[in-house]
Every structure is written in structure tokens, then in C-alpha cells.
Amino acid sequence: MKLLNRSALSVKPTQAFVDWVNSLEPTLGEDDLTLDDIAGENTVYLIPEMDTPEALLAYVEERYSDILESELRAWEEDQRQWPESLSWALFEEFLTLEHSYLAVDLDDEVELETSEVDDELLMETDEDR
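For the sequence shown, the working numbering gives the first residue as 3, with consecutive numbering after it.
Below you can see the structure in the form of C-alpha cells.
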């Protein structure tokens, strides 16, 4: 195991987010996604080590638009379909956060690699792989 010098932020969609996703392609209701359908669609962001709730809040307030845009883009690339205002209030309405103080890499066989975020990779599903 390798301890990473990072904290982690797990970002989870709320019902309001699911409602927005469903509004992209209106259906008769039977095919609408539910919060349970996307319960496993959380994103984990590695962030600098945060040791106080105040430090975490300050960091999230500074980076919320990057996180919100990433989450919206995962469901809809066309920014014209996004909500009009990508405000802090929308961030709080659409997403819930869970903070972990430690991040540990359990893979002892493969070196941890980093690369720039590739939007196409984010759009892949398990079925594509």
C-alpha cells in the first residue's frame, strides 16, 4: 500500500442533478433515470491534504466551478444544454460531497501514473472498454 499525500473528495449527484439529466431527453417517465440508477456514478477528486473543515470549504469554494463543469460534461458535452448559471448555489443543489482525509493506493503492482484529463476518457462507459 502507498499513502498518497492527498485528501479525496467524493462528489455525488443529487435528485436535482438527476432531474436535470432527465430534462435533456424528456421521456414519458418510464425511462427516466433515478437517483438509485446513478448511485455508483460518483467521482473522486484527489485534492491537497485538508486538515480542517474551514480549509476544505475554502478550497471547494475556489474550485467548485471546475468540479461542476466536469460533472455536467460527463452527462452532456453541449454547454448550451447546461443550466444558465453555474453558481455556488447550483453546485450545492446538484452535488453532495464526502471528504476523506487520507488517500491510499492499494495496488502494489502498478506504479501510480498521472496524465491530463481527457474528456473522451471521461465519457467512456464500462461497455466501451
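Backbone N, C-alpha and C define an ideal beta-carbon position, used for all residues, glycine too. If you're wondering where the values come from, they're calculated on a predicted model, not measured in any experiment.
- Taking the Cα of Tyr103 as reference, the smallest distance to any Cα among Gln17, Ser9, Trp22 and Glu64 is reached at Ser9.
- Beyond the five residues adjoining it in sequence on each side, Phe19 comes within less than 7 Å, by CB distance, of Phe96 and Leu97 in the same chain, given in chain order.
- Under the three-state reduction of DSSP, Tyr103 is assigned to coil, being neither helix nor strand.
- In the three-state DSSP reduction, Ser72 falls in the helix class (H, G or I).
- With 16 or more other CB atoms across the displayed protein chains lying within 10 angstroms of its CB, Pro15 is buried.
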